Amino acid sequence: MADLEESLEIHFPRSSSMGYYARCLFRAAMDKALAAGELTIDTGFDPIAERKRMNPPADAGTCIHWISQCKARCSFADPADSARNTLPPQAWDPARALACKPEDKFYHSALNLYKDGKRMETTMNAVGDAVVQHLPPASGWYSELGYTMGPGLLGGHVDFTSFDLEDIVDLKTTGKPPKAGRIKYAHAVQLCSYARLQHLAHGVLPKRLFALYADRNGEWILRTNPIMLDGSIPEHLQLYQHVCGLIDLVTSPLLDYAAVPQYDEVRCSDDFCPYRAYCQRMLPHGKGVSDLTVLPEIQNPFTMKGL
Ligand code: SF4
Numbered sequence: 028m029a030d031l032e033e034s035l036e037i038h039f040p041r042s043s044s045m046g047y048y049a050r051c052l053f054r055a056a057m058d059k060a061l062a063a064g065e066l067t068i069d070t071g072f073d074p075i076a077e078r079k080r081m082n083p084p085a086d087a088g089t090c091i092h093w094i095s096q097c098k099a100r101c102s103f104a105d106p107a108d109s110a111r112n113t114l115p116p117q118a119w120d121p122a123r124a125l126a127c128k129p130e131d132k133f134y135h136s137a138l139n140l141y142k143d144g145k146r147m148e149t150t151m152n153a154v155g156d157a158v159v160q161h162l163p164p165a166s167g168w169y170s171e172l173g174y175t176m177g178p179g180l181l182g183g184h185v186d187f188t189s190f191d192l193e194d195i196v197d198l199k200t201t202g203k204p205p206k207a208g209r210i211k212y213a214h215a216v217q218l219c220s221y222a223r224l225q226h227l228a229h230g231v232l233p234k235r236l237f238a239l240y241a242d243r244n245g246e247w248i249l250r251t252n253p254i255m256l257d258g259s260i261p262e263h264l265q266l267y268q269h270v271c272g273l274i275d276l277v278t279s280p281l282l283d284y285a286a287v288p289q290y291d292e293v294r295c296s297d298d299f300c301p302y303r304a305y306c307q308r309m310l311p312h313g314k315g316v317s318d319l320t321v322l323p324e325i326q327n328p329f330t331m332k333g334l
């Protein structure tokens with residue numbers, strides 16, 4: 028049962044996948060069918076093995092999220108996590124967040140990235156400090172507020188939500204900054220998806236959605252300008268409305284009719300997609316390219332010279 032839950036977890040339609048769904052509805056339909064236990068075909072992908080596979084960069088990101096949320100004195104959705112974080116700021120031990128979870132598989136996986144425990148601790152503390160400094164002003168933060176639109180439908184957990192529900196911040200740990208400092212498309216869609224989930228759950232549309240990119244080696248950090256949902260930038264509101272439409276489609280039975288695989292060698296390998304091998308099999312290929320720029324050896328029958 029635990030394995031089944033794990034296998035479903037990786038495919039459960041999530042806000043963090045909405046940017047990919049916007050590009051490929053087939054991926055959304057596959058995730059949804061798998062989460063509902065309705066997928067009868069073999070995709071060649073083993074979600075349980077994938078779930079258990081160590082992914083040091085992603086797992087380091089998980090640790091950095093936890094440390095940053097502790098350092099920001101967040102109120103955690105999980106009371107057990109909040110209880111670990113009730114020391115007054117002056118009593119704050121910067122190594123405490125790491126010490127809380129030494130048994131954690133993410134912690135051990137992340138060690139494979141940094142190699143040295145001391146270096147990992149120093150780096151993660153530095154990144155956590157930088158994250159706290161780059162949060163927008165707020166009276167306080169919730170972390171990991173969770174939403175779902177229903178069983179097997181869209182859900183997600185928000186890294187930072189201000190107490191007044193006006194600001195949402197999604198932290199991305201990465202190895203390189205986004206091009207031209209602009210928020211990545213998939214992340215903008217993800218943030219809008221969070222906004223929609225919050226609006227549905229609490230009746231409050233957040234006003235500002237921030238992406239905070241942090242180098243997991245602690246060398247740089249970038250907070251993008253917010254997506255403004257207060258109407259001050261109409262194009263931002265329009266993006267939000269498009270995402271709302273996409274959510275309606277992804278969560279409706281119509282998705283099955285609109286979902287067409289769109290395998291493309293470049294686009295589908297741009298970001299991890301669990302269905303690559305399956306989609307690839309739908310497209311036949313030839314045996315090899317014939318190079319027509321190499322001309323056959325032809326001799327002039329009179330001069331006996333080649334070309
Ligand atoms: S491999 Fe490409 S076409 Fe197939 S589901 Fe993933 S994104 Fe869509």
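Okay, so the sequence shown: first residue is 28 according to this note's numbering, each after it adds one. All C-beta atoms in this analysis are idealised placements derived from N, C-alpha and C, irrespective of residue type, glycine included. None of these values were measured; they are calculated from a predicted model.
Proximity winner among 159, 320, 270, relative to residue 216 (alpha-carbon distances): 270
Beta-carbon proximity of residue 323 to residue 306, cut-off 8 Å: no
Within 5 Å of ligand 1: residues by beta-carbon to any heavy atom: 51, 53, 54, 288, 289, 290, 295, 300, 302, 303, 306
Of the listed residues 237, 309, 279, 319, nearest to residue 59 (C-alpha basis): 279
Per DSSP, the bridge partner or partners of residue 168: 189
Rounded straight-line distance, which links the Cα of residue 162 to that of residue 154: 12 Å
Residue 225 vs residue 290 beta-carbon contact at 8 Å: no
Residues that DSSP places opposite residue 102 in a beta bridge: 169
Between the CA atoms of residue 316 and residue 146 - distance to the nearest angstrom: 49 Å
Residue 200, enclosing beta strand (DSSP E) - first and last residue: 194-201
Cα-Cα separation between residue 319 and residue 252, rounded to whole angstroms: 51 Å
Touching by the beta-carbon criterion (3+ pairs, under 8 Å), the region 239-250 and the region 191-200: yes
Contact set for residue 113: own chain, Cβ-Cβ below 8 Å, skip 5 residues either direction: Any reading at residue 113 needs caution, since the residue's pLDDT is 49, under 50, leaving its predicted position unreliable; the model's value is listed next. Closer than 8 Å at the Cβ level, and outside the excluded window around residue 113, lies no residue.
Burial state of residue 327, where buried means 16 or more other Cβ atoms lie within 10 Å: exposed
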